[in-house]
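Here the structure comes first, spelled out in C-alpha coordinates, and everything after it is commentary.
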Amino acid sequence: MRNFVMRSDNLLPQKRLIGSLCILGASLTLSLVVYFGLWGDWAIEVVSRWTANWSSSALNLIGFSTIADGTIIASSTFSVNIVAECTALGPIILFIGAVFAIPASLTNKVIGILLGTITLSIVNILRIVSLFWIGSQFPRHLEFSHLLIWQGLMI
139 MRNFVMRSDN LLPQKRLIGS LCILGASLTL SLVVYFGLWG DWAIEVVSRW TANWSSSALN
199 LIGFSTIADG TIIASSTFSV NIVAECTALG PIILFIGAVF AIPASLTNKV IGILLGTITL
259 SIVNILRIVS LFWIGSQFPR HLEFSHLLIW QGLMI
(Lines of atoms letter the chains of each structure in order from A and count residues from 1; the text may use other names and numbers.)
(Lines give C-alpha, C1' and ligand atoms only; values in the text may rest on other atoms or scores of the structure.)
Protein backbone atom coordinates (compact mmCIF):
# COMPACT_ATOMS: atom_id res chain seq x y z
CA MET A 1 0.00 0.00 0.00
CA ARG A 2 1.41 3.37 -0.98
CA ASN A 3 1.14 6.44 1.17
CA PHE A 4 -0.45 9.43 -0.44
CA VAL A 5 1.51 12.60 0.10
CA MET A 6 -0.16 15.93 -0.69
CA ARG A 7 2.37 18.14 -2.40
CA SER A 8 2.05 21.89 -2.03
CA ASP A 9 2.08 22.41 -5.80
CA ASN A 10 -1.07 20.27 -6.01
CA LEU A 11 -2.85 22.73 -3.71
CA LEU A 12 -2.23 25.77 -5.92
CA PRO A 13 -5.16 25.13 -8.31
CA GLN A 14 -7.47 24.55 -5.33
CA LYS A 15 -6.37 27.82 -3.70
CA ARG A 16 -6.94 29.68 -6.96
CA LEU A 17 -10.41 28.17 -7.30
CA ILE A 18 -11.33 29.08 -3.72
CA GLY A 19 -9.96 32.60 -4.22
CA SER A 20 -11.88 33.01 -7.45
CA LEU A 21 -15.10 31.81 -5.85
CA CYS A 22 -14.60 34.22 -2.94
CA ILE A 23 -14.09 37.14 -5.36
CA LEU A 24 -17.20 36.18 -7.34
CA GLY A 25 -19.20 35.81 -4.12
CA ALA A 26 -18.07 39.24 -2.93
CA SER A 27 -18.94 40.70 -6.33
CA LEU A 28 -22.42 39.18 -6.24
CA THR A 29 -22.94 40.46 -2.70
CA LEU A 30 -21.87 43.97 -3.70
CA SER A 31 -24.17 43.83 -6.71
CA LEU A 32 -27.11 42.88 -4.50
CA VAL A 33 -26.24 45.67 -2.07
CA VAL A 34 -26.31 48.13 -4.97
CA TYR A 35 -29.60 46.78 -6.29
CA PHE A 36 -31.33 46.94 -2.94
CA GLY A 37 -30.12 50.46 -2.30
CA LEU A 38 -27.96 49.70 0.71
CA TRP A 39 -24.98 51.44 -0.88
CA GLY A 40 -26.72 54.77 -0.88
CA ASP A 41 -29.47 56.41 -2.83
CA TRP A 42 -27.16 59.21 -4.00
CA ALA A 43 -24.92 56.81 -5.97
CA ILE A 44 -27.85 55.07 -7.63
CA GLU A 45 -29.41 58.45 -8.40
CA VAL A 46 -26.23 59.68 -10.13
CA VAL A 47 -25.91 56.52 -12.25
CA SER A 48 -29.65 56.49 -13.02
CA ARG A 49 -29.56 60.13 -14.16
CA TRP A 50 -26.48 59.43 -16.30
CA THR A 51 -28.24 56.43 -17.87
CA ALA A 52 -31.41 58.45 -18.52
CA ASN A 53 -29.48 61.32 -20.13
CA TRP A 54 -27.43 59.10 -22.44
CA SER A 55 -30.46 56.98 -23.35
CA SER A 56 -32.51 60.08 -24.14
CA SER A 57 -29.68 61.41 -26.32
CA ALA A 58 -29.49 58.08 -28.17
CA LEU A 59 -33.26 58.09 -28.69
CA ASN A 60 -33.11 61.62 -30.08
CA LEU A 61 -30.34 60.57 -32.48
CA ILE A 62 -32.63 57.96 -34.04
CA GLY A 63 -35.61 60.27 -34.45
CA PHE A 64 -37.48 60.27 -31.15
CA SER A 65 -38.19 63.55 -29.45
CA THR A 66 -37.44 62.85 -25.79
CA ILE A 67 -36.32 64.70 -22.73
CA ALA A 68 -34.57 63.39 -19.68
CA ASP A 69 -35.84 64.92 -16.46
CA GLY A 70 -33.85 63.39 -13.63
CA THR A 71 -34.35 59.66 -14.01
CA ILE A 72 -37.37 59.93 -16.31
CA ILE A 73 -37.16 59.70 -20.10
CA ALA A 74 -40.30 61.07 -21.72
CA SER A 75 -41.76 61.70 -25.14
CA SER A 76 -45.23 62.97 -25.98
CA THR A 77 -46.58 59.40 -26.00
CA PHE A 78 -44.44 57.31 -23.64
CA SER A 79 -42.20 57.60 -20.61
CA VAL A 80 -39.96 55.40 -18.46
CA ASN A 81 -38.30 55.83 -15.10
CA ILE A 82 -34.71 54.62 -14.83
CA VAL A 83 -34.25 52.83 -11.49
CA ALA A 84 -31.24 50.95 -10.10
CA GLU A 85 -32.05 47.78 -12.02
CA CYS A 86 -32.18 49.78 -15.28
CA THR A 87 -28.54 50.79 -15.01
CA ALA A 88 -25.53 48.72 -15.98
CA LEU A 89 -24.09 49.04 -12.48
CA GLY A 90 -25.04 45.54 -11.29
CA PRO A 91 -23.71 43.74 -14.36
CA ILE A 92 -20.54 45.88 -14.27
CA ILE A 93 -19.88 44.94 -10.64
CA LEU A 94 -20.36 41.26 -11.46
CA PHE A 95 -18.10 41.62 -14.49
CA ILE A 96 -15.36 43.27 -12.42
CA GLY A 97 -15.57 40.41 -9.93
CA ALA A 98 -15.25 37.89 -12.75
CA VAL A 99 -12.24 39.74 -14.20
CA PHE A 100 -10.48 39.79 -10.84
CA ALA A 101 -11.24 36.09 -10.39
CA ILE A 102 -9.33 35.02 -13.50
CA PRO A 103 -5.57 34.67 -13.55
CA ALA A 104 -4.19 37.57 -15.59
CA SER A 105 -1.80 40.45 -15.11
CA LEU A 106 -3.10 43.58 -13.42
CA THR A 107 -2.62 45.53 -16.66
CA ASN A 108 -4.77 43.06 -18.60
CA LYS A 109 -7.39 43.11 -15.84
CA VAL A 110 -7.58 46.92 -15.93
CA ILE A 111 -7.88 46.91 -19.73
CA GLY A 112 -10.55 44.22 -19.53
CA ILE A 113 -12.48 46.14 -16.88
CA LEU A 114 -12.37 49.37 -18.90
CA LEU A 115 -13.47 47.68 -22.14
CA GLY A 116 -16.10 45.61 -20.37
CA THR A 117 -17.53 48.62 -18.52
CA ILE A 118 -17.80 50.59 -21.74
CA THR A 119 -19.36 47.64 -23.57
CA LEU A 120 -21.89 46.89 -20.83
CA SER A 121 -22.84 50.57 -20.62
CA ILE A 122 -23.41 50.78 -24.39
CA VAL A 123 -25.40 47.54 -24.43
CA ASN A 124 -27.51 48.82 -21.55
CA ILE A 125 -28.26 52.07 -23.38
CA LEU A 126 -29.21 50.06 -26.48
CA ARG A 127 -31.45 47.97 -24.23
CA ILE A 128 -33.24 51.04 -22.91
CA VAL A 129 -33.55 52.54 -26.40
CA SER A 130 -35.09 49.32 -27.75
CA LEU A 131 -37.45 49.02 -24.78
CA PHE A 132 -38.52 52.64 -25.19
CA TRP A 133 -39.25 51.96 -28.87
CA ILE A 134 -41.15 48.77 -28.04
CA GLY A 135 -43.10 50.56 -25.29
CA SER A 136 -44.07 53.42 -27.57
CA GLN A 137 -44.87 51.31 -30.67
CA PHE A 138 -45.92 47.91 -29.28
CA PRO A 139 -46.86 48.46 -25.61
CA ARG A 140 -48.36 44.99 -25.13
CA HIS A 141 -44.92 43.47 -25.85
CA LEU A 142 -42.99 45.68 -23.44
CA GLU A 143 -43.24 43.50 -20.35
CA PHE A 144 -42.17 40.36 -22.23
CA SER A 145 -39.25 42.18 -23.88
CA HIS A 146 -38.18 43.81 -20.65
CA LEU A 147 -38.43 40.87 -18.26
CA LEU A 148 -37.64 37.89 -20.45
CA ILE A 149 -35.57 38.94 -23.42
CA TRP A 150 -33.36 41.77 -22.17
CA GLN A 151 -32.81 40.53 -18.64
CA GLY A 152 -31.65 37.21 -20.04
CA LEU A 153 -29.35 38.93 -22.51
CA MET A 154 -27.82 41.20 -19.86
CA ILE A 155 -26.99 38.22 -17.68
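With the first letter of the sequence shown counted as 1, position 112 gets the number 250 in the numbering used here; the numbers rise by one all the way through.
Where is the CB? At the ideal position from N, CA and C, for every residue including glycine.
CB contact flag (residue i, residue j, <8 Å)
i: I211; j: S203; result: no
i: L232; j: L166; result: yes
i: T295; j: S186; result: Because the chain spans 139 through 293 in this model, residue 295 falls outside it and cannot be assessed.
i: T257; j: T225; result: no
i: S214; j: V267; result: no
i: N219; j: A206; result: no
Contact set for residue i: own chain, Cβ-Cβ below 8 Å, skip 5 residues either direction
i: I293; result: P229
i: R265; result: W288, L291, M292
i: R154; result: P241
N- and C-terminal bounds of the beta strand (DSSP E) containing residue i
i: V184; result: Careful: V184 lies outside any beta strand (DSSP E), inside the alpha helix (DSSP H) at 179 to 199.
i: I211; result: 210 to 212
i: I230; result: Looking at the DSSP string, I230 is not in any beta strand (DSSP E); the run it does join, the alpha helix (DSSP H), is 227 to 239.
i: S203; result: Segment: none, S203 is in no beta strand (DSSP E) and carries neither H nor E.
i: S283; result: S283 -> no beta strand (DSSP E), and no H or E assigned at all.
i: V221; result: Element bounds for V221: n/a, residue is neither H nor E.
Inter-residue Cα distance where the pair is residue i and residue j
i: G163; j: A181; result: 22 Å
i: E223; j: I156; result: 29 Å
i: V184; j: L227; result: 11 Å
i: W296; j: P277; result: Residue 296 lies beyond the residue range present for the chain, which begins at 139 and ends at 293; the question has no answer from this structure.
i: S169; j: G273; result: 27 Å
Residues near residue i in its chain [Cβ-Cβ closer than 6 Å; skip 5 each side]
i: G254; result: F233
i: Q275; result: none
Continuous alpha helix (DSSP H) stretch holding residue i: start and end
i: V267; result: 244 to 275
i: L291; result: 289 to 292
Other residues of its chain near residue i: CB distance less than 7 Å, five sequence neighbours each side excluded
i: I161; result: G235, F238, A239
Validate contact between the segment 277 to 286 and the segment 232 to 252 using beta carbons, cut 8 Å, 3 pairs
Contact fails: fewer than three Cβ-Cβ distances are below 8 Å.
- Does the count of Cβ pairs from the segment 232 to 242 and the segment 184 to 201 closer than 8 Å reach three? Here the segment 232 to 242 makes no contact with the segment 184 to 201; the two share fewer than three CB pairs at distances below 8 Å.
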